[in-house]
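Asks: So in my numbering, spot 82 of the sequence shown is number 114, and the numbers just go up one at a time.
Where a beta carbon is used, it is the ideal one built from N, C-alpha and C, also for glycine.
Being a predicted model, the structure only gives us computed values, none of them experimental.
The structure under discussion is supplied below as structure tokens; questions concerning it will follow.
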Amino acid sequence: MIFEDFSKIGIIPVVVLDDSQQAAPLAEVLCKNGLPCAEVTFRTSAAEESIRIMSREFPDMLVGAGTVLTIEQADRAINAGAKFIVSPGLNPKVVQHCLDNSVPVTPGTQTPSEMERALELGLKVVKFFPAEPAGGLNMIKAVAAAYVDLKFMPTGGISAKNVKEYLAYNKIIACGGSWMVKKDLVNAGEWDKIAALVREAADIVKDVRG
């Protein structure tokens with residue numbers, strides 16, 4: 033299961049790419065430095081081709097699509113090679129479409145009602161977004177007490193400073209974050225700086241989860 037892989041990786045880099053030529057060098061940095069995964073957000077026109085390049089050149093890497101808002105976007109991402117779909121909110125049509133096509137999907141939730149809807153759709157893992165503004169780890173612990181079968185992938189406001197606390201909680205599969213793949217560093221081709229941040233993040237996961 034892909035969620036077991038997420039749990040081992042611990043931190044899922046959330047990537048925004050303006051140019052698909054950045055895809056291969058970034059994927060190489062992620063794979064070589066301990067986080068062989070990328071959630072490529074569908075916020076830019078380069079996203080689809082970036083997913084295609086990463087999936088083709090790094091077949092063992094977990095490459096998925098984030099910020100997927102429509103069935104059409106989901107299909108484009110899947111056809112490009114995305115192994116998972118992430119969305120900021122819970123769109124039942126997008127979720128069902130992914131499930132019908134046997135593609136793991138993690139929709140964004142924030143309220144108990146949204147979490148119950150996810151459970152009704154058959155999901156066991158949801159995104160919690162935006163994590164820090166929505167109450168952070170305390171909120172996750174509060175709702176997890178009611179939804180014992182649900183696990184979480186928080187994203188939003190998570191950084192090297194607070195990710196340890198999230199990872200230490202057993203209801204959290206992994207955390208999404210962009211601090212190690214900052215857009216300005218990617219656009220500047222600062223691969224050495226990105227590599228150092230990726231290694232630091234990977235080391236945090238090892239410290240917490242072994």
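Could you tell me the distance, in whole angstroms, from the CA atom of Pro144 to the CA atom of Arg241?
Replies: Each residue's alpha carbon lies about 28 Å from the other.
Asks: I need the straight-line Cα distance from Arg243 to Met212, nearest angstrom please.
Replies: Nothing can be reported for residue 243: it is not among the residues displayed for the chain, which extend from 33 to 242.
Asks: Taking the alpha carbon of Thr201 as the reference point, which residue from Thr102, Asp224, Met171 and Gln142 has its own alpha carbon closest?
Replies: A quick correction: the sequence has Tyr, not Thr, at residue 201. Among Thr102, Asp224, Met171 and Gln142, the Cα nearest to that of Tyr201 belongs to Met171.
Asks: So what's Phe160 in DSSP terms, helix, strand or just coil?
Replies: Looking at Phe160 - three-state DSSP - the assignment turns out to be strand.
Asks: Which of the three DSSP states is assigned to Phe184 in this structure?
Replies: Reduced to three states, the DSSP call for Phe184 is strand.
Asks: Counting only runs that start and end within the region 76–138, where is the beta strand (DSSP E) found for 3 or more residues in a row?
Replies: Within the region 76–138, the complete beta strand (DSSP E) runs of at least 3 residues are 94–98.
Asks: Does Val47 come out as helix, strand or coil in the three-state DSSP assignment?
Replies: Val47 falls in the strand class under three-state DSSP.
Asks: Under the rule that 16 or more other beta-carbon atoms within 10 Å means buried, what is Ala163, buried or exposed?
Replies: The residue in question, Ala163, is buried, as its Cβ has 16 or more Cβ neighbours within 10 Å.
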